[in-house]
Each structure stands twice: as C-alpha cells, then as structure tokens.
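Numbering-wise (this note's numbering), the sequence shown opens with residue 63 and increments by one.
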Amino acid sequence: ALEGCDTLFHAAAIYEFWVQDRELLMRTEVEGSRNAMEAALAAGVGRVIYTSSSVVVGEAKGESGNENTAHRGYFLSSYEEAKYRAEQAVKKYRDRLKIVILRPAAVIGAGDLKPTGRMIVNLLNGRIPGLFRGDVSFVDVGDVAAAHVLSAELGRWGEDYIVAAETPPLVEVLRTACRLAGVRPPMVVPRFVARMFATMEEWKAKRTGEPPILPRRMFDVAAHGLRADGGKAARDLGIHYTPIEDSLRQAVQWYWEQGLLKRKPACVAQ
63 ALEGCDTLFH AAAIYEFWVQ DRELLMRTEV EGSRNAMEAA LAAGVGRVIY TSSSVVVGEA
123 KGESGNENTA HRGYFLSSYE EAKYRAEQAV KKYRDRLKIV ILRPAAVIGA GDLKPTGRMI
183 VNLLNGRIPG LFRGDVSFVD VGDVAAAHVL SAELGRWGED YIVAAETPPL VEVLRTACRL
243 AGVRPPMVVP RFVARMFATM EEWKAKRTGE PPILPRRMFD VAAHGLRADG GKAARDLGIH
303 YTPIEDSLRQ AVQWYWEQGL LKRKPACVAQ
C-alpha cells in the first residue's frame, strides 16, 4: 500500500477512554504503530508524520506540559498508556526514518465525534446532569490537519510538537457550547458527584456494551488537568490556532447537520 509514496501519515488509533478489550487497545496502538514503521522501511518511505496525543506528556497535577516535560511516572488511563508506549516504539525508528511526532490536545470542531465531541453532544441533549471543574487543552480539528501538512512540508524531522490552542476551565468551555446551542447549562457539581456518575455509567456500559456518557478515565484526566503548551508548534510550523469559541460554533452546527441534536441550536441561522 505504500509503494510509490514518499511520506506516511500514521493516524490510525482507538481513540477511546472506555474500552472493553484493553489488550486490543494496546495491540492496536503499539504493535500497529510498529508495523506501520516496518512497512515504511520495507517500501522505502523515508518520511513519517506520526499522530500521538498530548496525554503522553504526563504533566504533574497543576502543571502545564511541553515537549521537554518529564512524565509523572503513572498513567491516568489505558488510552494514555497505549499512546505513550506506542510513541516510545516509534521513536526507536528515528535512526532509520525521518519522523515528526504530533501530539494533539482534546480535538473539537466540525467532523469530529470522538470522546470530546461525543461529550458535548450528550451535554446539549441533556444527558449530562452536572458540570465539574477541571482544565483541558483544546485544539481545532482543522488546526490538527494543518499541523500534519505543515510538518511534512517544512520537514523538521526528529521533532515532537504539541498541538494545543488554549487551556480554559472545562466548565467555561461547556457553558460556551450550551450558549451557542441555546440550552441551559447544568449546575456545577462537586467532583466526587461527577466521579460517582462516571462510575455508574461505566457499570451500565459493561452490562449493555454501549459507551458510557462520561467514561471514568475521561473524568480522571479532566479532573487531574490536561494542560499542554502548543507554543512550539505555533512558532516552528506557523500554526495560527483557531479560537475555541469558533471551533465550538462549527462543531455545534455540524452536530445539527448530522442529526445528532434534539433541538436546533441558537447559532444555526434561521
């Protein structure tokens, strides 16, 4: 499949904070990434843009992480562990391949319905009873795509880049989404209440096989804080980050167009 290609963009992953098969997650991330590097070598593809995640930074609670941050030494989720171990596997090929590693923060925007987007849809449909405090770095899906293209064009091989726009309070982001949709935001609840809700949701998910409305590990990451500094990518790659409210507006409009919302959002033209 790679014959005749000069650059491999490897973004395949299981992007979930709740999985029924942890071993499948690990195999997909670690062995899948290793297999992709081997395929690039076999086909003579010398350049790789590898999509990791800002969760691998592993900053300590209360800190903001950058490309030089030492990992805290423990994982908040199986997803974090899988991405971390996969990235370490990829780095072992840097003596044979030209590799740029991108670490996007929580992605929002039109066309994205992974954990962050799914949580916002559930919120706007009244399925999340309360907000909780935390800090999460966000980035527009279009900015992440641009980072991939710019990385290949500029060829800063051997570099790692966090792709993150802002780190506002999570409550502020979710209230903004509610305002754009024209729905009343839920009240802010203590973290232990949100943790209980997430725990109950996972118990239900194990019985039904349906993803929980709020995965416990997603709560853990947000409560701990996912604070990532995307300044290096802005400087080296020339990325101009999209304001979070613009990303949210585009996302909410797209959710409506896809039939995912129960009522027409306020931000959609009449």
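In this text, a Cβ means the ideal position worked out from N, Cα and C, and glycines have one as well. These numbers were taken from a predicted model, which means no experiment stands behind them.
On the DSSP letters alone, give me the boundaries of the beta strand (DSSP E) that residue i sits inside.
i    : result
Y303 : Here Y303 belongs to no beta strand (DSSP E), and DSSP marks it neither H nor E.
V283 : Premise fails: V283 lies in the alpha helix (DSSP H), R278 to H286, not in any beta strand (DSSP E).
H210 : No beta strand (DSSP E) contains H210, which is instead part of the alpha helix (DSSP H) from V203 to L216.
R334 : Nothing in the structure corresponds to residue 334, since the chain is present only between 63 and 332.
V169 : A168 to I170
V225 : D222 to V225
In terms of residues, what are the limits of the alpha helix (DSSP H) holding residue i?
i    : result
P177 : P177 to L186
N261 : Note on residue identity: the sequence assigns Thr, not Asn, to residue 261. That run of the alpha helix (DSSP H) goes R253 to T270.
A132 : Here A132 belongs to no alpha helix (DSSP H), and DSSP marks it neither H nor E.
A243 : L232 to A243
Y141 : S140 to K153
R84  : R84 to M88
For residue i, I'd like the list of residues in its chain whose CB is within less than 8 Å of its CB, leaving aside the five on either flank, ordered along the chain.
i    : result
K153 : I161 and I163
E272 : K266
Can you give the Cα-Cα distance for residue i and residue j, rounded to whole angstroms?
i    : j    : result
A208 : I224 : 13 Å
E91  : A151 : 10 Å
R289 : R237 : 19 Å
I182 : G106 : 42 Å
A285 : A260 : 12 Å
E307 : A239 : 8 Å
L232 : A243 : 17 Å
L186 : V245 : 7 Å
W80  : V283 : 12 Å
T178 : R158 : 35 Å
A122 : E142 : 14 Å
D197 : S126 : 10 Å
I170 : G108 : 31 Å
H210 : I111 : 7 Å
D222 : S116 : 11 Å
L70  : S140 : 26 Å
C329 : M88  : 40 Å
Y317 : V119 : 30 Å
E173 : E319 : Note on residue identity: the sequence assigns Gly, not Glu, to residue 173. Each residue's alpha carbon lies about 10 Å from the other.
A101 : R257 : 42 Å
R269 : A74  : 28 Å
A167 : P247 : 24 Å
L310 : A132 : 31 Å
G300 : L216 : 10 Å
Using the rule of at least 16 other Cβ atoms within 10 Å of the residue's Cβ for burial, across every protein chain shown, is residue i buried or exposed?
i    : result
L138 : buried
M249 : exposed
R165 : buried
R278 : buried
A63  : exposed
F194 : buried
P252 : exposed
V255 : exposed
Q312 : buried
Y146 : buried
L323 : buried
A295 : buried
G333 : Since the first and last residues shown for the chain are 63 and 332, residue 333 lies out of range.
Going along the chain, which residues of its own chain have a beta-carbon closer than 7 Å to the beta-carbon of residue i, five neighbours each way excluded?
i    : result
R156 : G220
P230 : I306
A227 : F200, V201, D202, D205, G292, Y303, T304 and I306
I275 : N184, R189, I190 and E263
F281 : A256, R257 and A260
Return the bridge partner residues of residue i from the DSSP annotation.
i    : result
K160 : R109
H72  : Y112
V250 : L193
V198 : L288
E228 : F200
R165 : I224
Kindly list the residues whose CB is nearer than 6 Å to the CB of residue i, restricted to its own chain and excluding five residues on each side of it in sequence; keep chain order.
i    : result
S95  : A148, A151 and V152
R134 : G120 and A122
A214 : T69 and I111
E65  : A105
I76  : L87 and T90
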